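Keeping their order, the protein sequence lines are chains A and B. As numbered in my numbering, residues 4 to 435 make up the first sequence, in order. As numbered in my numbering, residues 4 to 435 make up the second sequence, in order.
Number of protein chains: 2
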Amino acid sequence: MNQAEITEVRSLGDHVGKSVTILGWVESTRSHGKVGFVIVRDGTGLVQGVLLKAELPEDDWGLLESLTQECSVALTGEVRAEPRAPGGHEIGVTGLELLGASEDYPIQPKEHGVEFLLDHRHLWLRSSLQRAGLRVRHEVQQAIADFFYDRDFVRIDTPILTGSIGESAGTLFEADYFGEPAYLAQTGQLYVETACPAFRKVYCFGPTFRAEKSKTRRHLTEFWMLEPEVAFADSDDNMRLQEDLVCYLVERVLERSAKELEVLERDTADLEAIAAPFARISYTDAVTLLQEKGSEIEWGRDLGAPDEMLLTEQFDRPVFVHDYPKAVKAFYMKENPDDPRTVRCNDLLVREYGELIGGSQREDDLDRLLVRIREEKLPEDVYSWYLDLRRYGTFVHSGFGLGLERTVAWLTGRPHVREMIPYPRLMNRLAP
Amino acid sequence: MNQAEITEVRSLGDHVGKSVTILGWVESTRSHGKVGFVIVRDGTGLVQGVLLKAELPEDDWGLLESLTQECSVALTGEVRAEPRAPGGHEIGVTGLELLGASEDYPIQPKEHGVEFLLDHRHLWLRSSLQRAGLRVRHEVQQAIADFFYDRDFVRIDTPILTGSIGESAGTLFEADYFGEPAYLAQTGQLYVETACPAFRKVYCFGPTFRAEKSKTRRHLTEFWMLEPEVAFADSDDNMRLQEDLVCYLVERVLERSAKELEVLERDTADLEAIAAPFARISYTDAVTLLQEKGSEIEWGRDLGAPDEMLLTEQFDRPVFVHDYPKAVKAFYMKENPDDPRTVRCNDLLVREYGELIGGSQREDDLDRLLVRIREEKLPEDVYSWYLDLRRYGTFVHSGFGLGLERTVAWLTGRPHVREMIPYPRLMNRLAP
Numbered sequence: 004m005n006q007a008e009i010t011e012v013r014s015l016g017d018h019v020g021k022s023v024t025i026l027g028w029v030e031s032t033r034s035h036g037k038v039g040f041v042i043v044r045d046g047t048g049l050v051q052g053v054l055l056k057a058e059l060p061e062d063d064w065g066l067l068e069s070l071t072q073e074c075s076v077a078l079t080g081e082v083r084a085e086p087r088a089p090g091g092h093e094i095g096v097t098g099l100e101l102l103g104a105s106e107d108y109p110i111q112p113k114e115h116g117v118e119f120l121l122d123h124r125h126l127w128l129r130s131s132l133q134r135a136g137l138r139v140r141h142e143v144q145q146a147i148a149d150f151f152y153d154r155d156f157v158r159i160d161t162p163i164l165t166g167s168i169g170e171s172a173g174t175l176f177e178a179d180y181f182g183e184p185a186y187l188a189q190t191g192q193l194y195v196e197t198a199c200p201a202f203r204k205v206y207c208f209g210p211t212f213r214a215e216k217s218k219t220r221r222h223l224t225e226f227w228m229l230e231p232e233v234a235f236a237d238s239d240d241n242m243r244l245q246e247d248l249v250c251y252l253v254e255r256v257l258e259r260s261a262k263e264l265e266v267l268e269r270d271t272a273d274l275e276a277i278a279a280p281f282a283r284i285s286y287t288d289a290v291t292l293l294q295e296k297g298s299e300i301e302w303g304r305d306l307g308a309p310d311e312m313l314l315t316e317q318f319d320r321p322v323f324v325h326d327y328p329k330a331v332k333a334f335y336m337k338e339n340p341d342d343p344r345t346v347r348c349n350d351l352l353v354r355e356y357g358e359l360i361g362g363s364q365r366e367d368d369l370d371r372l373l374v375r376i377r378e379e380k381l382p383e384d385v386y387s388w389y390l391d392l393r394r395y396g397t398f399v400h401s402g403f404g405l406g407l408e409r410t411v412a413w414l415t416g417r418p419h420v421r422e423m424i425p426y427p428r429l430m431n432r433l434a435p
Numbered sequence: 004m005n006q007a008e009i010t011e012v013r014s015l016g017d018h019v020g021k022s023v024t025i026l027g028w029v030e031s032t033r034s035h036g037k038v039g040f041v042i043v044r045d046g047t048g049l050v051q052g053v054l055l056k057a058e059l060p061e062d063d064w065g066l067l068e069s070l071t072q073e074c075s076v077a078l079t080g081e082v083r084a085e086p087r088a089p090g091g092h093e094i095g096v097t098g099l100e101l102l103g104a105s106e107d108y109p110i111q112p113k114e115h116g117v118e119f120l121l122d123h124r125h126l127w128l129r130s131s132l133q134r135a136g137l138r139v140r141h142e143v144q145q146a147i148a149d150f151f152y153d154r155d156f157v158r159i160d161t162p163i164l165t166g167s168i169g170e171s172a173g174t175l176f177e178a179d180y181f182g183e184p185a186y187l188a189q190t191g192q193l194y195v196e197t198a199c200p201a202f203r204k205v206y207c208f209g210p211t212f213r214a215e216k217s218k219t220r221r222h223l224t225e226f227w228m229l230e231p232e233v234a235f236a237d238s239d240d241n242m243r244l245q246e247d248l249v250c251y252l253v254e255r256v257l258e259r260s261a262k263e264l265e266v267l268e269r270d271t272a273d274l275e276a277i278a279a280p281f282a283r284i285s286y287t288d289a290v291t292l293l294q295e296k297g298s299e300i301e302w303g304r305d306l307g308a309p310d311e312m313l314l315t316e317q318f319d320r321p322v323f324v325h326d327y328p329k330a331v332k333a334f335y336m337k338e339n340p341d342d343p344r345t346v347r348c349n350d351l352l353v354r355e356y357g358e359l360i361g362g363s364q365r366e367d368d369l370d371r372l373l374v375r376i377r378e379e380k381l382p383e384d385v386y387s388w389y390l391d392l393r394r395y396g397t398f399v400h401s402g403f404g405l406g407l408e409r410t411v412a413w414l415t416g417r418p419h420v421r422e423m424i425p426y427p428r429l430m431n432r433l434a435p
C-alpha cells in the first residue's frame, strides 16, 4: 500500500502539488492503451484520476482494467489543477488499491423503471440526481431550523404515538400500544398550540403520517412537516410569517445549493423572481376569477388541484388564497367575524405544485369551538386537553403547516416528492 | 382599551421610559390597599406590573382583584428599570385588560403528584422548571444540527414505518399498513449507513420507538435519537467524534442556556470541568477494575446500571468503555481483529446517568456479517438490502446513537427523562 494523507475531494484545492490519498467509489473507468482514467466519488465530490501505464506498478495498471462500477478504492497521487475535470482537479495516480469489490452492480448507466429504482433505493441514493435532491433537502431542513432559531421560536417535538383521534380518523395508521390502540400523528398542531403559553412562538418539525390511498406524485404516507404556531398572531401576521419563511428558503437555496440546482437543471429565474409581498386573494374572489377563466367551481366547494393550477397561472408569484368556507376546512379554524360562513385560514399556492402551505388562525372561543366539535361529530372528551387551552387564558393564535418534501420538490423543480425523501413510503411500498 | 406598541418581555430593555403593551398570562397577583402587583408571563419572560389605585381607572383596579392564575391579559404602561424585579424591569401600569378568563386552574402553586401533572402535561408545560428543561432541549437540538452542518454532514431522515425487523423484534411496536404489518423503527442506523457512499458523513435525528415494558426514570417508549455515521472512520475516529460532540454540547449549553441552568439549580462546576480527552478503558480492563471494587461482574456479561455507575465514579470525566464481548452486542458490530471474542464498539458513560452514547465500527465483511445474522437467527432476506452495502464497494465505517432526552437530563441535572420531552410516552401513558 502506498498511502499519503487521506483527503476529501471537497478540499483538493488546498493540496495542489501534494500527494494525497482519496478513498471512494468508482463511477467509471476508461483507458486508451497507455493512459487510463478513473472517476472516483468520495461522498464530498468527484475526482478524475489519470494513470500512465509507463509510470505505474504493473499490478496497479492491471487493477484499473478490472475496476467495476461502485467498487471502493484508495487512489494515491499528486493533485493537479485541471479546469476541464469535474470539480476542477485531477490526480496523477501513483498508486491504486482495491478496497471492496462490486460485481454486477444493479443500477447501470441506462434507464431503469421507477419500481426497480425504488426497490434499490439503498443504492439509487448514490446517483447524482438523488444526491443533489437530498442535499437540497438537507439545506432546507437546516435553513428552517436556523430561521426559527434566529427568531426565538422554541422547537417542540410533538408525539407520534397518540391515543387521541385527529382531524380525519379515516386516514390514520393504527398501532398496537401494549394491547391498546394508538394512532400515528398526522399533525402535531394541536399539541404545539399548547406550548404557546409557555414559549409564545413555537414549532414542531418531524415525521407525520397519512394513510391515504393516494398514488399521486404529490403524496407520501410518511413525510416531514413543519408546523409553527404563534401566540397573539392573527391570520394576517400568519401570512406574513409564511412569506418571510418562503423567501428565506428560496434565498438560502439559491445561495448555498447552486451546484445542486445546476445538477438538477433547475431554471433558477423563477426562484430569483420570488419576493414579498406575495399575491393575496380571498377564496370568494378566487372563485369568481376561476369562473371567469372557465372553471366550473361553485362557491362552497374546495379548490381542486386543477383549480389551484389555473389560479396560480393568474399571478406572477406565489399566491395566498384566504378565508375559505368553514364547511371545507378543519374544525379548529377561527370563524371569520366579518362573514361567519368562512374561516380565517389560508393556503399558499405555487405554480405547478399547488398547495405549499396551509395555515389558519385558531378558534380561541371555547363555545364556538365546542359547537364545531359537535357539528363534526368528533369525540369531545378526547379533545378535553385541547379545549383547556380556551378554558385557561385563551388567546389569539395562528399557525401553519409546510410539507418538507413538496417544498424541496418545488425548489428543485423535480416532479416527484418520492425522490425528496431518502426512503419514501407509498401506498404500495414499505421497503427497503 | 388602552394599548401601546405590543412588545415582548424579552426586549423590554429597548423600551425603558416608553409606554408598551404586554400580552401574556398571569402567574400571580398581590395588593396592599393602594398598590398592587401582577406578574405576567408572555412566553419570552416574566415582568412585574405595578398598579397604583389612585392613578388607575376604577374598573382596571377592580380587575386586578379578580385576576386568577393563568388568565390572559393585556398590560399597558411605562417600562422602568428595576433590578429587583424578575428580568430587571417593571411596568408602571396605566391600563389592564382581561383577554381570557381562567377559573380553577388545575395546577396550583403546591406539590402535585407526578401522575396528576402528566395528566395535565398540556398545562404543566407552563411551569418554570418545565419551561427551562424544554428550552435546554431546544438549544441542544439546534446545537446538534449546527455541529453536523458545520462539519459537512448531510442529514438523512430514515423511515419510521418499516417492513423489516430490526435488531430485537421483541421491542418493536407493530402498526397496520393497509392490511400489512409494519414496525415502528427503533433505530435509523441501518438505513443511514446506506447513505455513506452518497455523502460520506451523514446523520439521522428523529423519533424512535421501543416497546420496552420498562418503568425506570431513564426510559421512554418514544424518544428522539441522533445517529451519525461516517465512511472510512474506524472505532477510534468514532470515539473522537463523540468526544467532540459532547464537549460542544456542554460548551453551548453553558454559554447559551445559563439562565435555564440557574432555574434548574444545575451545579455547573461538573459541566465546566468536562474536556477532551475523555477516559478510555477496554471492557476487559473495566471488568477487572469493577471486580477489584467489589462488583460480581464476570467477563462476558453486559454491564448493568450499577456496574456503570460504579465505573463512572472511578473517573473524573466521562469514560469510554470499548471492545465489549461480541455475545452481548448487536450483530452488525465489527469483529475485533486482535480478539475475535470482542467487537469494536464503545459505550460512553457519565456519572449518575450511565450510558449516554453507544457506538461501533460496523462489520464491513460480507461473510462475517452473514455468519452473525445466522448466529442470531435473523431473517437473512429481510437484510438483503443492508448486505448490499458489503457487496458493492464495502468500506470501513462507524457510527453511534445518542438519546436526546437522556442527554438533556444529564446536562440539566434532572433525574427524569420524561420531563425532557414535551409529551412523554411511557408504558402506561399515551395521553394527552
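Here a beta-carbon is modelled for each residue, glycine too, at the ideal position from N, C-alpha and C. These numbers come from a predicted model, not from an experiment.
Out of SER363(B), TYR180(B), GLY357(B) and LEU101(B), the CA that lies nearest to the CA of ASN431(A) is found in TYR180(B). THR165(B) has TYR186(B) as its beta-bridge partners, per DSSP. Listed by position along chain A, the residues whose Cβ is nearer than 9 Å to that of THR47(B) are ASP155, PHE202, ARG203 and LYS204. Under a 10 Å Cβ-count criterion, ILE9(B) is classified as exposed, with fewer than 16 other Cβ atoms of the shown protein chains found around its own Cβ.
Considering only beta carbons, the part of the segment 65 to 87 of chain B lying closer than 7 Å to chain A consists of GLU73, CYS74 and SER75, in chain order.
Taking the CA atoms as reference points, VAL266(B) sits about 8 Å from SER131(B). For ARG129(A), the chain B residues whose C-beta falls within less than 8 Å of its own C-beta are PRO200 and ALA201, listed in chain order. As the crow flies, the alpha-carbon of ARG13(A) is around 40 Å from that of LEU175(B).
For the set TYR251(A), VAL19(A), ALA198(A) and PRO328(A), the Cα lying nearest the Cα of ASN349(A) is the one of PRO328(A). By the 16-neighbour rule on beta-carbons within 10 angstroms, PHE151(A) is buried.
Contact between the segment 156 to 165 of chain B and the segment 137 to 150 of chain A is present, with at least three C-beta pairs closer than 8 Å. Proximity of the segment 187 to 204 of chain B to the segment 390 to 406 of chain B meets the contact definition, three or more beta-carbon pairs being nearer than 8 Å. In the DSSP annotation of this structure, the continuous segment of the alpha helix (DSSP H) that includes CYS250(A) starts and ends at 238 to 259.
Sequence-distant Cβ neighbours of ASP63(A) in its own chain, meaning closer than 7 Å and more than five residues away, are GLY98 and LEU99.
No residue range can be given for TYR426(B), since it is assigned to no beta strand (DSSP E) and is classified by DSSP as neither H nor E. Listed in chain order, the positions of the segment 415 to 428 of chain B with a beta carbon within less than 9 Å of a beta carbon of chain A are ILE424, PRO425, TYR426, PRO427 and ARG428.
In the three-state reduction of the DSSP assignment, CYS199(A) falls in the helix class. Counted as a single uninterrupted DSSP element, the beta strand (DSSP E) harbouring MET228(A) occupies residues 225 to 234. Under DSSP, THR219(A) takes part in no beta bridge, so it has no partner. Non-local C-beta neighbours of VAL353(B) in its own chain, meaning closer than 7 Å and more than five positions away in sequence, comprise THR315, PRO321, LEU359 and TRP413, ordered along the chain.
For the segment 187 to 198 of chain A, the residues whose beta carbon sits under 8 Å from a beta carbon of chain B are, in order, LEU187, TYR194, THR197 and ALA198. For HIS18(A), the CB contacts under 7 Å within the same chain, skipping 5 residues up- and downstream, are THR10 and VAL82 in chain order. In the DSSP assignment, HIS141(B) falls within the unbroken alpha helix (DSSP H) covering 131 to 153.
In the same chain as GLU422(A), and ignoring 5 residues on each side of it, the C-beta atoms closer than 7 Å to its own belong to GLN133 and GLY136, in chain order. A contact is defined here as three or more CB-CB pairs under 8 Å, and the segment 66 to 80 of chain B fails this definition with respect to the segment 368 to 377 of chain A. Between the beta-carbon of HIS419(B) and that of ARG220(B) there is about 5 Å, and that keeps the pair under the 8 Å contact cut. ILE277(A) is the residue among VAL385(A), ASP239(A) and ILE277(A) whose C-alpha sits nearest the C-alpha of TYR251(A). When the beta-carbon positions are compared, VAL43(A) and VAL53(A) stay at least 7 Å from each other. Counting C-beta atoms within 10 angstroms of its own C-beta, VAL38(B) has fewer than 16 neighbours from the protein chains shown and is therefore classed as exposed. For SER363(B), the uninterrupted beta strand (DSSP E) segment begins and ends at 357 to 364. HIS35(A) sits exposed, since fewer than 16 C-beta atoms from the chains shown fall within 10 Å of its C-beta. Remark: C-beta atoms of ARG365(B) and PHE323(B) do not approach each other more closely than 7 Å.
At a cut-off of 7 Å between C-beta atoms, SER105(B) counts as an interface residue with respect to chain A.
As summarised for the segment 10 to 92 of chain B, the continuous alpha helix (DSSP H) elements at least 4 residues long and confined to that stretch are 61 to 69, given in chain order. Listed along chain A, no residue sits closer than 8 Å to PRO382(B) by beta-carbon distance, the nearest being about 13 Å off. Around ALA185(A), the same chain offers LEU164, THR165, GLY166, GLU177, ALA178 and ASP179 as residues with beta carbons nearer than 8 Å, after the five sequence neighbours per side are excluded.
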